[in-house]
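>
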Amino acid sequence: MIKRESSKQLLWGVIVETEAYSQSEPACHGYKKRTPKNEVLFGPPGHLYIYLIYGTYHCVNVVTNKTNFGNGVLLRSIALPDENERTASGPGLLAKRFGLTREHNNLKLSLEQGLWIAKGSSIKTMDNIHQTTRIGVSKGKDLRWRWYLRNSRSISKREKGDLCPSYSKAWQPSFNQGP
DNA sequence: TTCACGATTCTA
DNA sequence: AGAATCGTGAAG
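Add 44 to the 1-based position in the first sequence for our numbering, that's all there is to it.
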């Protein structure tokens with residue numbers, strides 16, 4: 045669960061899709077090189093590594109692991125209550141919905157900063173978590189470092205065997221309705 | 001200085 | 001399937 049509080053508005057949702065990246069593996073920005081752009085990835089955990097992608101969108105990562113080790117988790121999709129299931133479905137859309145840009149690169153997740161991650165309801169069975177390969181990478185394709193909630197409607201890319209139907213062309217707000 | 005490309009999304 | 005769009009890093 046992620047929460048953002050600004051000007052008395054609380055925006056929150058359930059993180060339903062993530063990917064992991066590590067300096068040990070070629071898809072990672074921190075693979076074999078430490079540059080001004082990826083510097084934050086090597087910083088202390090709990091900060092955000094945010095970069096511009098395709099000149100248009102932003103990707104938001106939570107830096108993990110110890111300082112000086114490039115390691116992060118890409119936030120790919122968030123399900124927001126009382127909102128269209130697709131408003132934060134995908135890295136670019138997610139960043140847009142939460143108003144996060146590279147201005148927020150290196151922001152520390154905390155109550156003080158108005159952005160933090162909190163514990164949500166526990167996942168009942170592991171069957172509800174699907175582990176598979178990452179999206180949109182040209183290297184490290186074999187690594188299955190993508191995880192998502194199988195029964196969520198807010199996943200960016202689905203697979204056969206998911207527990208809910210594909211999106212219909214017309215958007216259907218239905219956060220609390222079952223699959 | 002030039003060039004290729006990318007952890008994406010929307011449109012045809 | 002293809003375009004849009006621009007910061008970054010490597011090459012010349």
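Note that beta-carbon positions come from the ideal geometry of N, C-alpha and C, so glycine has one too.
1. Does the distance from the CB of Y75 to the CB of V84 come in under 8 angstroms?
2. Hey, would you say the C-beta of L151 is under 7 angstroms away from at least one heavy atom of the ligand GDP?
3. Between D126 and W56, what straight-line distance do the alpha-carbon atoms span, to the nearest angstrom?
4. Give the DSSP bridge partners of H102, in chain order.
5. Start and end of the alpha helix (DSSP H) containing L138?
6. Taking the C-alpha atoms as reference points, what is the distance between R130 and A139?
7. Go ahead and pull the three-state DSSP assignment for V181.
The answer reads as follows:
1. As a working mapping, residue 75 is identified with position 31 in the first sequence. As a working mapping, residue 84 is identified with position 40 in the first sequence. It is not a contact, given that the beta carbons lie outside the stated cut-off.
2. As for the ligand GDP, it is missing from this structure, which has no ligand bound.
3. One-based indexing of the first sequence puts residue 126 at position 82. One-based indexing of the first sequence puts residue 56 at position 12. Straight-line spacing of the CA atoms in D126 and W56 works out to 11 angstroms.
4. Taking the first sequence and counting its residues from 1, the one referred to as residue 102 is at position 58. H102 is bridged to L96.
5. The sequence position of residue 138 within the first sequence is 94, counting from 1. Segment P135 to R141, the alpha helix (DSSP H) holding L138.
6. Within the first sequence, the letter at position 86 stands for residue 130. Within the first sequence, the letter at position 95 stands for residue 139. If I take the Cα positions, the gap works out to 13 angstroms.
7. Here the question's residue 181 lines up with position 137 in the first sequence. Looking at V181 - three-state DSSP - the assignment turns out to be coil, as it is neither helix nor strand.
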